[in-house]
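Residue numbers (the numbering used here): -8 to 451.
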Ligand code: GLY
Ligand code: MN
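This is the structure we're talking about:
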């Protein structure tokens, strides 16, 4: 079964791009198959997401152009020879592939160079080294200049299109969410002391592969949730610990989900963990409740930060006025990352186009303050945006030591009390939401997140 939309979907997307740009020619390089340990033993292939968006095919060795001046669309690639067919079976021709996505013209791959000669070219930065070399050859530019000549016009036009998810795309993201929920439920049901993190991570990844294309990013599963992107799964689960899993699936149409849940290994939250958990949960649910069109996502992030600061003040870790504490960035000792990011064909959707193009615009620029500077998505929310909401509280011993030594923001932080929590680990709760006309809705089936629901499921 081919997991691509009807050709009209791709035609409509390309038509919209043509409305936005009138000069030059855009070149889209599909991704290459990359060697893992020798040339013919490759990493699983992942197509470039903008290529998928406009040209549908998840096949290596393709490129395409949209010529804004001539109105042409051409797919470039090579037909399989009998030597390939012997190993890989019958393959469609480039002409057939082009037709499937509504393109009437196809040419051999090496004709791309000629087509682009002497033209004004729009391109996106190729993050694969192979495509950097290819583009550098085509353009006659040194590799070192490729980044500076990326087309902001093309980048902005694509971000505008891809940020507003079509109904078809939302259905696919919901499907990725269904798989993500299955992954998390399985871990909640299997989590017990004595079992290894590796086993659980493998189980979650297996589910993502059984129903979709695998994980949407390498699984984060750890009893050291305070390490934000902890990809080490080498410990054995121990009663009294929390287990944080941040994991999602890529579905068969290449759309992503991204969930985080933090659960007690033995099914019971210790008092200290429960108190912290309730604060993060409040930040998650109130941030979701406040998300709607017309509001800056930076303000939702700051709302979550304030809820976290207020909760930590009740526990005695933060002191003074919480709004002021947040304005000075004191909360970032405990919540050093951003509230969320766009989600779509990429788990951090369009991150390769540049985070500042995706999450910021002319009206809002990135803060340089520690914590807020990590916010990937800050701009005004619009109906059709899909974003993650993922507040957290973390006790990072090394960071605490540095801040304490510098007496940083000590008017807002009770370092003596923080010492008592240094081994409390990390808690994050993440959901995926769609911004609707009037507010938002959580995508996917429900996944336990209250203390009582988590306790019930982990205890079987
Ligand atoms: N889920 C991983 C991240 O958002 O960075
Ligand atoms: Mn995320």
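The beta carbon of each residue, even a glycine, is placed where N, CA and C say it ideally should be. Owing to the predicted nature of the structure, the values given are computational and were not obtained by experimental measurement.
Check whether the Cβ atoms of residue 211 and residue 204 sit closer than 8 angstroms, and answer yes or no. Locating residue 211 in the chain shown gives position 220, where the first residue counts as 1. Locating residue 204 in the chain shown gives position 213, where the first residue counts as 1. No, they are not a contact pair.
Which residues does DSSP pair with residue 417 in a beta bridge? Your numbering for residue 417 matches position 426 in the chain shown. Its beta-bridge partners are 385.
Indicate, with yes or no, if the ligand MN has a heavy atom lying under 7 angstroms from the CB of residue 332. Working through the chain shown from its first residue, we reach residue 332 at position 341. Yes, the ligand MN has a heavy atom inside 7 angstroms of this Cβ.
What three-state label does DSSP hand residue 452 in the structure shown? This structure cannot speak to residue 452, because the chain is shown only from -8 to 451.
Taking 7 angstroms as the cut-off, is the beta-carbon of residue 379 closer than that to any non-hydrogen atom of the ligand GLY? The residue you call residue 379 lines up with position 388 of the chain shown. Yes, Cβ of residue 379 sits closer than 7 angstroms to a heavy atom of the ligand GLY.
Is there a Cβ from chain C that is less than 8 angstroms from the Cβ of residue 112? In the structure shown, chain C cannot be found, because there is only a single protein chain.
List the endpoints of the continuous beta strand (DSSP E) containing residue 67. By one-based count along the chain shown, residue 67 stands at place 76. DSSP places residue 67 inside the beta strand (DSSP E), whose first and last residues are 63 to 67.
Tell me residue 187's beta-bridge partners as DSSP assigns them. Sequence index remark: in the chain shown, residue 187 carries index 196 (1-based). Residue 187 is bridged to 227.
Where residue 29 sits in the DSSP three-state scheme: One-based indexing of the chain shown puts residue 29 at position 38. Of the three classes helix, strand and coil, the one that applies to residue 29 here is strand, per DSSP.
Taking DSSP as the reference, what is the three-state secondary structure of residue 13? For the purposes of this step, residue 13 is identified with residue 22 of the chain shown, where counting begins at 1. In this structure, residue 13 counts as coil in the three-state DSSP scheme.
Any heavy atom of the ligand MN closer than 7 angstroms to the beta-carbon of residue 422? Within the chain shown, the letter at position 431 stands for residue 422. False, no ligand heavy atom lies under 7 angstroms from that Cβ.
Nearest neighbour of residue 176, chosen from 155, 199, 372 [CA to CA]: In the chain shown, the residue the question calls residue 176 occupies position 185. Nearest option by C-alpha distance: 199.
Go ahead and label residue 394 buried or exposed: buried means 16 or more other beta carbons lie within 10 angstroms of its beta carbon, across all protein chains shown. The sequence position of residue 394 within the chain shown is 403, counting from 1. With 16 or more other Cβ atoms within 10 Å, it is buried.
Cβ pair residue 295, residue 280 closer than 8 angstroms: For the purposes of this step, residue 295 is identified with residue 304 of the chain shown, where counting begins at 1. For the purposes of this step, residue 280 is identified with residue 289 of the chain shown, where counting begins at 1. No. Outside cutoff.
Among the candidates 354, 339, 321, whose CA atom is the shortest distance from the CA of residue 361? Counting from 1 along the chain shown, the entry for residue 361 is found at position 370. Measuring from the Cα of residue 361, the nearest candidate turns out to be 321.
Looking at C-alpha atoms only, which residue of 78, 139, 77, 423 is the closest neighbour of residue 278? Here residue 278 is taken as the residue at index 287 of the chain shown, counted from 1. Out of 78, 139, 77, 423, 423 has the C-alpha closest to the C-alpha of residue 278.
For residue 440, is the classification buried or exposed, using 16 other Cβ atoms within 10 angstroms of its Cβ as the cut-off for buried? Here residue 440 refers to the residue found at position 449 when the chain shown is read from its first residue. Buried.
If you measure from each residue's Cβ to the nearest non-hydrogen atom of the ligand GLY, which ones come out under 5 angstroms, in chain order? 237, 249
Tell me the residue span of the beta strand (DSSP E) that contains residue 252. For the purposes of this step, residue 252 is taken as the residue at position 261 of the chain shown. Segment 250 to 255, the beta strand (DSSP E) holding residue 252.
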